[in-house]
Every structure is written in structure tokens, then in C-alpha cells.
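**Q** My questions all concern the structure below.
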Amino acid sequence: MNKTPLYTMLLLACGAAPPLVGADAGAPGPWRSLLKDDSAPDWRGWKEAGFPAGWHVAGGVLSKDGEVDDLVTKENFGDFELELEWKIGKGGNSGIFYRGTRGYDHVYWSGPEYQLLDDANAPDGRSRLTAAASAYALYAAPEGVVLPFDHWNKTRVVVKGMHVEHWLNGRKVVEYELQSPDWKSRVAASKFAAYPDYGLAKSGLIGIQGDHPGTLSVRRIRVRALP
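Here it is, written out as C-alpha cells:
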């Protein structure tokens, strides 16, 4: 006796196949490392076409000491999830930019910033709007989540459509919507009001700020596309 299920027979009769178990067209893409053990081929300078002087890669750690050119990816990213670990020296100040474009002299005039900071010793740590993990000058991050200078912190950035999340050490600390009325009012009241294209790009460069004094180290930086 033929025991083929009726729904399967109907699918075959229509020229269709049963769905694959576990298939998910809406799943994120595979993780991709943005750093090799001793090189960073996915990065270039904001000003320099090659890998800029002052940045170094050794043992899978990207580092700098002093004021250097900002780093940006060679590739644009639209909807993505970014993870990395970072530690900063005493009084250090840096940042991660996303969806940056080349319409201005600096990447931070177009791309929103995830602040990397020694909260306890850097001047920007006096305000939660410019403290570690804040959306710089726009959305404050809570106190007490970042680890002290010279300790490794874990960062995650999610950018999907207009939705943005900042995570620090396993905790979501900032969440906002690009181009929302609230976002527009905050931008209008900030220094970014002078740059009409700030935060408008739907795809752009990921950047690491280098133009502040002090030390910064980054490792285990990886990215994946979001559907």
C-alpha cells in the first residue's frame, strides 16, 4: 500500500518540493573576521590610501599609540552586526564609526560614533552623552558598565535599517532610531547640525578613530551582514 503523505503527493504534482528543515532565508550572514594575526587587509587610512603609519598588528591585536590617521574599512556595510574587544590606555579616547561616507573631511562628520573611552580619566567621561558606549553627543550610556583602562571590554554594534543598538560587556546600553523625530532633534542641538549628511547614509564605512592621543588596542573584530 502506498503510504506517501497526501500533502507530499500534492506538492510533487504541482512541481514543488517539501521545504528543507532548518532553512531560513532571513538568517544573518556568516561571521567574517576583519583582522588577521599579523595584518589588516580589510582596512586603510581615512587620508592614506594604504595602511597608515602608527597602526600595528601583531598576534591578532590591532594597536596604536598617539595621534594617527583614522582607520576605515575598504568595503561599505549597510545592515550589519559588529563585534570586537578593545582596551584603552589611561585617559584614552577613541571610537567606532558606522555608515561613514567621504562627503566631508572627517569620517565622524557623517558616521555616528560608538564611543571608546576611559571614563574615569578622560574629560569626555564627565558626561554620559560622551562616555564609553554612548552614541557620541546624542544618546547617553549608563555608568558602571565599562571596565577600567587597560582592561579588555567587549563591544557589539547592531545596525539594521534605521535601528541601532550599542552593547557593552553583554549589556545593551544604547538603542535608537536614525531619522526619528527624537534623533533629528538631538542632532539639531549638537555639533553635528553643521553637517547635513550626518547619519543619512544607508550604507557606508566602518571606522576606528585614531586622531586622539593615547593607546588603543582592538582584537577579535568581526562583522556579519543582517537580512
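End of the sequence shown = 353 in this note's numbering, gap-free, step of one. Just so it is clear, CB atoms sit at the ideal spot from N, CA and C, and this is done for glycine as well.
Kindly identify the DSSP beta-bridge partner or partners of Asn219.
**A** DSSP lists Leu243 as partners of Asn219.
**Q** Would you check if there are 3 or more beta carbon pairs closer than 8 Å linking the region 175-187 to the region 298-315?
**A** Flag = no, the region 175-187 and the region 298-315 do not touch.
**Q** With which residues is Val194 paired in a DSSP beta bridge?
**A** DSSP, once it has assigned bridges, lists no residue as partnering Val194.
**Q** Since Ser343 sits in a beta bridge, which residues does DSSP pair it with?
**A** DSSP lists Ser189, Lys213 as partners of Ser343.
**Q** With the cut-off set at 8 Å, would you say Ser343 and Ser189 are in Cβ contact?
**A** Yes, Cβ-Cβ distance for Ser343 and Ser189 is below 8 Å.
**Q** Does DSSP classify Arg252 as helix, strand or coil?
**A** Arg252: helix per DSSP, three-state reduction.
**Q** Would the region 269-276 count as touching the region 201-221 if we require 3 or more Cβ pairs under 8 Å?
**A** Verdict: yes, contact present.
**Q** What's the gap between the Cα of Trp169 and the Cα of Glu201?
**A** Using only the alpha carbons, I get a separation of about 9 Å.
**Q** In whole angstroms, give me the CA-to-CA distance for Trp293 and Glu174.
**A** Straight-line Cα distance between these residues: approximately 30 Å.
**Q** Per DSSP, what are the beta-bridge partners of Tyr265 in this structure?
**A** BP columns for Tyr265 point to Ala261.
**Q** Let me check understanding here. Comparing Cα to Cα, which of His232, Thr227, Ser165, Ala248 lies closest to Leu326?
**A** The residue with the shortest Cα to Cα distance from Leu326 is Thr227.
**Q** Per DSSP, which one or two residues make a beta bridge with Asn202?
**A** DSSP lists no partner for Asn202.
**Q** When burial is assigned at 16 or more other CB atoms within 10 Å of the CB, is Arg252 buried or exposed?
**A** So Arg252 counts as exposed.
**Q** The beta strand (DSSP E) with Lys280 in it runs from where to where?
**A** Start and end: 279-286.
**Q** How many whole angstroms separate the CB atoms of Gly333 and Trp172, which I take to be in contact at a CB cut-off of 8 Å?
**A** Right, their Cβ atoms sit about 7 Å apart.
**Q** Rounding to the nearest angstrom, what Cα-Cα distance links Val285 and Trp309 in this structure?
**A** In a straight line, the C-alpha of Val285 is about 15 Å away from that of Trp309.
**Q** May I ask you to report which of helix, strand or coil DSSP gives Tyr234?
**A** The answer is helix: DSSP assigns Tyr234 an H, G or I state.
**Q** Count the other CB atoms within 10 Å of the CB of Asp164; is the residue buried (16 or more) or exposed (fewer)?
**A** Per the 10 Å Cβ criterion, exposed.
**Q** Among Ile347, Leu352, Pro353, whose alpha-carbon lies nearest the alpha-carbon of Glu209?
**A** The residue with the shortest Cα to Cα distance from Glu209 is Ile347.
**Q** Of all the options Gly330, Lys280, Pro339, which has the alpha carbon lying nearest to the alpha carbon of Phe203?
**A** For the residues Gly330, Lys280, Pro339, the minimum Cα distance to Phe203 belongs to Gly330.
**Q** Given this structure, state the Cα-to-Cα distance separating Thr238 from Glu193, to the nearest angstrom.
**A** According to the sequence displayed, residue 238 carries Pro and not Thr. Pro238 and Glu193: Cα-Cα distance of roughly 20 Å.
**Q** Leaving out the 5 sequence neighbours to the left and right, which residues in its chain are closer than 6 Å to Ala259 when beta-carbon positions are compared?
**A** These residues qualify, in order along the chain: Ala267, His292, Leu294, Val299.
**Q** So, for Gly155: in the same chain, excluding its five sequence neighbours on each side, which residues have a beta-carbon less than 6 Å away from its beta-carbon?
**A** Here the set comprises Arg350, Ala351.
**Q** Does DSSP classify Ser300 as helix, strand or coil?
**A** Residue identity check: residue 300 is Val in the sequence provided, not Ser. Of the three classes helix, strand and coil, the one that applies to Val300 here is strand, per DSSP.
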